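Inspection log for the structure reproduced underneath, given as structure tokens.
In this note's numbering, the protein residues as written are 275 to 641.
In structure tokens:
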């Protein structure tokens, strides 16, 4: 208003005032220029436009009062610069934060649902720093997204079956049967796993016994399944205690043991449709040649192995089924985010591309 009043008093035409941020050099401010006004009113034949623009800027700077929240006004080479008062704005922000409390900065509901899968610890093992990093990052991303107006589904995907679990069960049944942790559960579970690995390393013949336990698991031996269920629950209790201390909550738990068979069924479908190559008859594995299927001449996505030569499941087998299950449970997901180590980037890129080739339109919403 003060600028418009100055222009009116000095018989200068009205102008649209556009403010731009001043490149930060220790001071925080905004700026507007008078070059267009000078060129329009005076014209090139009536003198130097830059000089006239500077005269207008100096005139405005000398007449207007410093607005509230600003510390300085100055004219520089045809520009009018206003510099904010850090102390004043800091006070305003602090007052607003204290007044708004936990609702400060929250956006209006966007009507969009997204999922973050994070933490992903392994049962029967220690909860290590990588799981903590993923837990912290996933929780922060979830909180920020909620504050921005998204409806967020927090998902966890513990690894509750695999060779690590079989080794643990073997060691427990052979040397610690009927023992039960009384406190610090995750540490105890981790120590038991480390002990199992050490015993097997020192006596490789134990591998035969471990394979026998795995075979009993595949056959759903009642003793092995019961032991697995009980000890798995110990790990989950330990995880729950950990998350409560960290104030991290989850809306949905998925477990890799849920997706072994569904994953194999998806792989069988990929083979039937000619997307995957079954090289098991020749002693190989089941693979998807992604670059070939996409018609790429240069290597980009490479080859993904989706099932072992002995027909057992891989992480990839289960990840295919997990991705599908998420969208079956939440068809309206805008995005399904995986908070994982950067070293897993290629793996998940391959998973998503495989699903895209298979015709799942939601595959492009996985990231």
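We put the CB at the ideal spot given by N, CA and C, even for glycine.
The model shown is predicted, which means the values in this text are computed figures rather than measured ones.
Remark: C-beta atoms of residue 524 and residue 430 approach each other more closely than 7 angstroms.
Cβ atoms of residue 459 and residue 512 come within 8 angstroms of each other, at about 3 angstroms.
When DSSP reads this structure, residue 356 sits in a beta bridge with 304 and 347. For residue 528, no beta strand (DSSP E) encloses it, and the DSSP letter there is neither H nor E. A Cβ-Cβ contact shorter than 7 angstroms links residue 580 with residue 550.
If one requires a minimum length of 4 residues, the alpha helix (DSSP H) runs lying completely within the segment 447–506 are 459–476 and 480–492, in chain order. The segment 536–544 makes no contact with the segment 436–448; the number of CB pairs closer than 8 angstroms stays below 3. With fewer than 16 other Cβ atoms inside 10 Å of its own Cβ, residue 361 counts as exposed. In the DSSP assignment, residue 572 forms no beta bridge with any residue.
Rounded to whole angstroms, residue 408 and residue 613 show a C-alpha spacing of 6 angstroms. With the rule of 3 Cβ pairs closer than 8 angstroms, the segment 516–530 does not count as touching the segment 555–568. About 7 angstroms separates the CB atoms of residue 386 and residue 425; that is less than 8 angstroms, so the two are in contact.
Residue 556: not part of any alpha helix (DSSP H); DSSP gives it neither H nor E. Here the C-alpha atom of residue 582 lies approximately 31 angstroms from the C-alpha atom of residue 406. In the structure shown, residue 323 falls within a helical segment according to DSSP collapsed to helix, strand and coil. About 6 angstroms separates the Cβ atoms of residue 445 and residue 469, confirming a contact at the 8 angstroms cut-off. Secondary-structure assignment with DSSP links residue 391 through a beta bridge to 429 and 612.
Between residue 381 and residue 423, the gap from beta carbon to beta carbon is short of 7 angstroms. Per DSSP, residue 277 is one residue of the alpha helix (DSSP H) stretching across 276–283. In this structure, residue 349 lies away from residue 327, with their beta-carbon atoms at least 7 angstroms apart. Taking residue 484 as the centre and dropping the five residues before and after it, the same chain places the C-beta of 440, 441, 444 and 474 closer than 7 angstroms to its C-beta, in chain order. Remark: C-beta atoms of residue 540 and residue 594 approach each other more closely than 7 angstroms. The C-beta separation of residue 631 from residue 590 comes to about 14 angstroms, leaving the pair out of contact by the 8 angstroms criterion. Within the model, the alpha-carbon separation for residue 467 versus residue 461 is close to 10 angstroms. Between residue 428 and residue 375, the alpha-carbon positions lie close to 24 angstroms from each other. Classified as buried, residue 432 has 16 or more neighbouring CB atoms from the shown chains inside 10 Å of its CB.
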